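Just below is one structure, and these are the notes that go with it.
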Amino acid sequence: MDILEGLNNAVRYMEDHLQEQVDLGKAARFAGVSADSFARFFSYISGMTVAEYLRRRRLTLAAYELREKGTKVIDAAMKYGFQSADAFARAFARQHGFPPVYAQRSNRALKVYPPISFHILVKGAKEMEFRLVNLSGMALRGISQDFGCKAGERFDKEPAMWSPDQDRVMERVCNEGPGVWYGLWDHGKYWIAKPEPEALQDGTDMVRVPAGAYAVFTSGRGGMAGEELPKLREQIFDSWLSDSGYRQAGDFEMEVYHLYALHPREEKLKRFYELWIPVEKLPALPER
Numbered sequence: 001m002d003i004l005e006g007l008n009n010a011v012r013y014m015e016d017h018l019q020e021q022v023d024l025g026k027a028a029r030f031a032g033v034s035a036d037s038f039a040r041f042f043s044y045i046s047g048m049t050v051a052e053y054l055r056r057r058r059l060t061l062a063a064y065e066l067r068e069k070g071t072k073v074i075d076a077a078m079k080y081g082f083q084s085a086d087a088f089a090r091a092f093a094r095q096h097g098f099p100p101v102y103a104q105r106s107n108r109a110l111k112v113y114p115p116i117s118f119h120i121l122v123k124g125a126k127e128m129e130f131r132l133v134n135l136s137g138m139a140l141r142g143i144s145q146d147f148g149c150k151a152g153e154r155f156d157k158e159p160a161m162w163s164p165d166q167d168r169v170m171e172r173v174c175n176e177g178p179g180v181w182y183g184l185w186d187h188g189k190y191w192i193a194k195p196e197p198e199a200l201q202d203g204t205d206m207v208r209v210p211a212g213a214y215a216v217f218t219s220g221r222g223g224m225a226g227e228e229l230p231k232l233r234e235q236i237f238d239s240w241l242s243d244s245g246y247r248q249a250g251d252f253e254m255e256v257y258h259l260y261a262l263h264p265r266e267e268k269l270k271r272f273y274e275l276w277i278p279v280e281k282l283p284a285l286p287e288r
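Here this note's numbering is used: the first residue of the sequence shown is 1, the next is one more, and so on.
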């Protein structure tokens, strides 16, 4: 057994016991090392302590239960090993930025951490800003190009449409550069679009964003779309979906570009991006 296989076995043990006291010595035995060596190696390779990882994962799962199942705060606190509702509320607020009762009553973005897995690269355990939105639908106008692929498969082609050197697509959609723009993957086509009232009528076509539930993920600020959106996709499809209880619903993605002027520099640093993925709940597994 190599070290990566051992670490992944240890993580699987910890994930299976998030509702209990995790025995660090037992986790280390799964990894084939001593408890001290496991703690040091885990911290070195993941950038966090084992205790920090367990806390983040428990607070992630607790947040899902509060939002999706309407679980009581005290029940979530007890289930995930907190001594009291107050201790749980403080830890929850440190991770998510608001008290746990808000997870039940509002649709604020959660700070969720998918399970970590060790490969040549470390996947998961990275903070993701996530919220679930029920969208009633939206009408946009824009210009499309057919790439003949599934949503997000050909991100290498997508940036060319945004380039001012390629057919001036943005100028043909709207005269205003900064602001909110939309990039839509829809059954092989990619659209650059604006809300209907903001878009030019001549030379653009109507495109509708389907109604439904969307998982919405937000990038950091100041980066370029060609760097930030692929990183979001990797986190979503490599880590988040497998842990979330959702699956992608349909061949559609929506990118939302919150653009600011390139100059002065402080305006450029406000830029950020969102990736909206249509989702549906996975069917419940039959009880054994």
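Cβ atoms here follow ideal geometry from the backbone N, Cα and C, with glycine treated the same way.
All values reported here derive from a predicted model rather than from experimental measurement.
Under DSSP, L275 takes part in a beta bridge, and its partners are F217, E255.
Collapsing the DSSP output to three states places A225 in a helix. For V11, the closest alpha carbon among the candidates A284, G212, F118 is that of F118. In the DSSP annotation of this structure, E52 is not part of any beta strand (DSSP E); the continuous alpha helix (DSSP H) holding it starts and ends at 50-68. According to the DSSP assignment, I74 belongs to no beta strand (DSSP E) but to the alpha helix (DSSP H) extending over 73-79. By the Cβ-count criterion, S239 is buried, with 16 or more other Cβ atoms from all chains shown falling within 10 Å of its own Cβ.
The straight-line gap separating the alpha-carbon atoms of N134 and G212 is approximately 6 Å. For T60, the number of other beta carbons within 10 angstroms of its own is at least 16, and it is reported as buried. DSSP places I143 in the uninterrupted beta strand (DSSP E) bounded by 138-146.
The continuous alpha helix (DSSP H) containing E158 extends over residues 158-162. In this structure, DSSP gives N134 an extended state, which the three-state scheme calls strand. Contact between G188 and G148 holds, with the beta-carbon distance rounding to 5 Å and staying under 8 Å. Under DSSP, the beta-bridge partners assigned to D205 are G142.
Under the three-state reduction of DSSP output, L232 falls in the helix class.
CA-CA distance, D202 to V256, rounds to 23 Å.
The C-alpha of W276 is placed about 37 Å away from the C-alpha of Q83. Using a Cβ-Cβ distance cut-off of 8 Å, the stretch 57-71 and the stretch 84-101 are in contact, since at least three pairs of beta carbons, one from each stretch, lie closer than that value. Contact between Q145 and Y182 fails: their C-beta atoms lie close to 15 Å from each other, not under 8 Å. If you draw a 10 Å sphere on the C-beta of Q235, you find 16 or more other C-beta atoms in it, and that means buried. Rounded to whole angstroms, A109 and L184 show a C-alpha spacing of 22 Å. Taking a contact as a CB-CB distance under 8 Å, the pair A27 and S34 does not count as one, their CB atoms being some 11 Å apart.
Contact between G6 and F30 holds, since their C-beta atoms are separated by about 6 Å, short of 8 Å. Note on geometry: alpha-carbon atoms of Q248 and R55 lie some 27 Å from one another. Around the beta carbon of S136, fewer than 16 other beta carbons sit within 10 angstroms, so the residue counts as exposed.
In the DSSP assignment, Q248 falls outside any alpha helix (DSSP H) and within the unbroken beta strand (DSSP E) covering 246-248. Judged by DSSP secondary structure, L184 falls within the beta strand (DSSP E) whose first and last residues are 179-186. DSSP, read as helix, strand or coil, puts F82 in coil. Counted as a single uninterrupted DSSP element, the alpha helix (DSSP H) harbouring Y44 occupies residues 35-46.
A direct Cα-to-Cα measurement between H17 and F217 gives close to 28 Å.
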